[in-house]
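Since the structure comes first, as structure tokens, the remarks are kept for the end.
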Amino acid sequence: MENKQNSSTRTERKIIERNRRNKMKALSSMLNSLVPQQSSREPFSLPDQLHEATNYIKKLQMNLEKLKDKKNTLQEIQRANMNTNRGGSKIPQIEIQQMGLALVVSLITGLDCHFMFKECIRVLGEEGADIISANYVVSEDSILHTIHCQVEETSNGAMISERLNSFVYDYLLWSNVAF
1 MENKQNSSTR TERKIIERNR RNKMKALSSM LNSLVPQQSS REPFSLPDQL HEATNYIKKL
61 QMNLEKLKDK KNTLQEIQRA NMNTNRGGSK IPQIEIQQMG LALVVSLITG LDCHFMFKEC
121 IRVLGEEGAD IISANYVVSE DSILHTIHCQ VEETSNGAMI SERLNSFVYD YLLWSNVAF
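FYI, in UniProt numbering the residues of the sequence shown are 1 to 179.
In structure tokens form, the structure reads like this:
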């Protein structure tokens, strides 16, 4: 009798374990189907699949953070635009001068565009520029921001210049749109 009971208990455990493995296999297959596949045709082992899924999720989280930052910036542009429509603000102007590895960014904004200075600092940091000094002067309805920084390579200056000019240009496009 006891031998029969042990045999049925073992059989139940085997069935439970087989069901667990099948469920895990189905779940890992579903997870793997959600991750963009690499160009390699050979199948990944389960640990490799989990590693790829983890990396993909981290990449999505970073993209989400960047999109949140962009959303916040656009909301600040929208608020600045609303203030512009009410009180009349200065059109922002940016000038970037590069002398070797030294970079000087001059940004002129209205009093209601503080976010533009923060965005310039963020872009400089992302591009690896070392900020040496940042100053501003308020004159009537304008703020002149001057940022002195140093870049690793002269080509970094061109990339920074392109990104900052693009930001100001995008702001000007947005400010012409009625919200």
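Heads up, the beta-carbon is just placed ideally off N, CA and C, and yes, glycines get one too.
Specify the secondary structure class of residue i as computed by DSSP and reduced to three states.
i      : result
Gln37  : coil
Ile108 : strand
Ser8   : helix
Ser142 : strand
Cys113 : coil
Ser45  : coil
Gly128 : coil
Residue i bridges to which residues according to DSSP?
i      : result
Leu103 : Gln98, Cys149
Ala134 : Ile147
Ser166 : Answer is none; Ser166 lacks a bridge partner.
Gln93  : Ile108
On a CA-only basis, which of the options is nearest residue i? Give me that one, please.
i      : options                      : result
Val123 : Lys70, Leu164, Leu46, Asn6   : Leu164
Leu111 : Ser142, Glu153, Ser166       : Ser142
His148 : Ser45, Glu162, Asp130        : Asp130
Leu31  : Asn63, Leu74, Glu52, Arg21   : Glu52
Glu76  : Ser29, His114, Arg20, Glu12  : His114
Glu152 : Ala26, Glu127, Leu34         : Glu127
Met24  : Pro47, Asn3, Thr73           : Pro47
Ile160 : Val138, Leu101, Ser28        : Leu101
Gly125 : Gln150, His145, Val138       : Gln150
Pro36  : Lys59, Ala134, Ser8          : Lys59
Glu140 : Ser133, Lys4, Ile132, Thr109 : Thr109
Glu95  : Arg13, Lys70, Tyr169         : Tyr169
Report, in whole angstroms, the separation of the C-beta atoms of residue i and residue j, which I expect to be a contact under 8 angstroms.
i      : j      : result
Gln93  : Gly157 : 19 angstroms between Cβ atoms; not a contact.
Glu119 : Phe44  : With a Cβ gap of about 40 angstroms, Glu119 and Phe44 do not count as contacting.
Leu107 : Met116 : 6 angstroms
Ser28  : Gln49  : 6 angstroms
Does any CB atom of chain D fall closer than 8 angstroms to the CB of residue i?
i     : result
Arg10 : Absence of chain D from the displayed structure is noted, only one protein chain being present.
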